[in-house]
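Participant:
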Amino acid sequence: MKYHLALKVATSSSFTYLKCPQKVLCMLKITDPRFFSFFYEFVVMASALEQYINHTVSIITADGRNFIGTLKGFDQTINVILDESHERVFSTTTGIEQIVLGLHIIRGDNIAVIGQIDETIDSRLDFANIRGEPLGPVVH
Numbered sequence: 001m002k003y004h005l006a007l008k009v010a011t012s013s014s015f016t017y018l019k020c021p022q023k024v025l026c027m028l029k030i031t032d033p034r035f036f037s038f039f040y041e042f043v044v045m046a047s048a049l050e051q052y053i054n055h056t057v058s059i060i061t062a063d064g065r066n067f068i069g070t071l072k073g074f075d076q077t078i079n080v081i082l083d084e085s086h087e088r089v090f091s092t093t094t095g096i097e098q099i100v101l102g103l104h105i106i107r108g109d110n111i112a113v114i115g116q117i118d119e120t121i122d123s124r125l126d127f128a129n130i131r132g133e134p135l136g137p138v139v140h
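Each step along the sequence shown adds one to the number in UniProt numbering, with nothing skipped, and position 99 is 99.
1. I'd like to confirm the pairing. Which residues does DSSP put opposite N66 in its beta bridges?
2. In whole angstroms, give me the CA-to-CA distance for I96 and H86.
3. Give every residue of the same chain whose Cβ lies closer than 6 Å to the Cβ of D63, excluding the five residues on either side of it in the sequence, and list them in chain order.
4. Can you tell me which of E119, T120, I106 puts its alpha carbon nearest to the alpha carbon of I60?
5. Would you mind reading off the limits of the alpha helix (DSSP H) that contains I106?
6. Tell me whether the beta-carbon of Q116 lies closer than 8 Å to the beta-carbon of H55.
7. Can you tell me the Cβ-Cβ gap for I78 and G108, rounded? I've got them flagged as a contact below 8 Å.
8. Quick check: F90 and L49, are their CB atoms within less than 8 Å of each other?
9. What's the C-alpha gap between T93 and R131?
10. Where do the ends of the alpha helix (DSSP H) carrying I121 lie?
11. Rounded to whole angstroms, what is the Cα-Cα separation between L28 and I111?
12. Use the C-beta contact count for V57: other C-beta atoms within 10 angstroms, 16 or more gives buried, fewer gives exposed.
13. Closest to E119 by CA distance: which of G102, R65, T70, N66 is it?
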């Protein structure tokens, strides 16, 4: 069974309750190596996202949508807050449409990829003349 990033919910003397990928609570002993794997994965993800704060990022969601905006914050479940955001909708016939959203929150369990945008390259792109297939949903 593959484990993903988990949220620490509560701690007793010998167990830590975690929110598992199946959306149910489970218990892992603190000495269980999976606990440290969960913790390490969260720390790595959080430190990686920390460097993107106040920078322009692209977020691709599990359903294939592409959001661009300034990352303002995130929490332990990688829910993110984007400011000055827009969605880029790809098309093979009409180019890329940009839908202005403003302040936008994206749930962490819907995020597939987060990456920083090079604003100098991005500003030179002519989105009206770029054609592309829309992304499909992420399949696990």
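Virtual Cβ for every residue (Gly too), placed ideally from N, Cα, C.
Facilitator: If we stick to the structure as given:
1. I60, R88
2. 12 Å
3. P137
4. I106
5. First-last for I106: 97-106, but that is the beta strand (DSSP E), not the alpha helix (DSSP H).
6. yes
7. 3 Å
8. no
9. 7 Å
10. 119-123
11. Low confidence applies to L28: its pLDDT is 48, below 50, so where it sits in the model is not reliable, and the reading given next is rough at best. Rounded to whole angstroms, L28 to I111 spans 25 Å at the Cα level.
12. buried
13. T70
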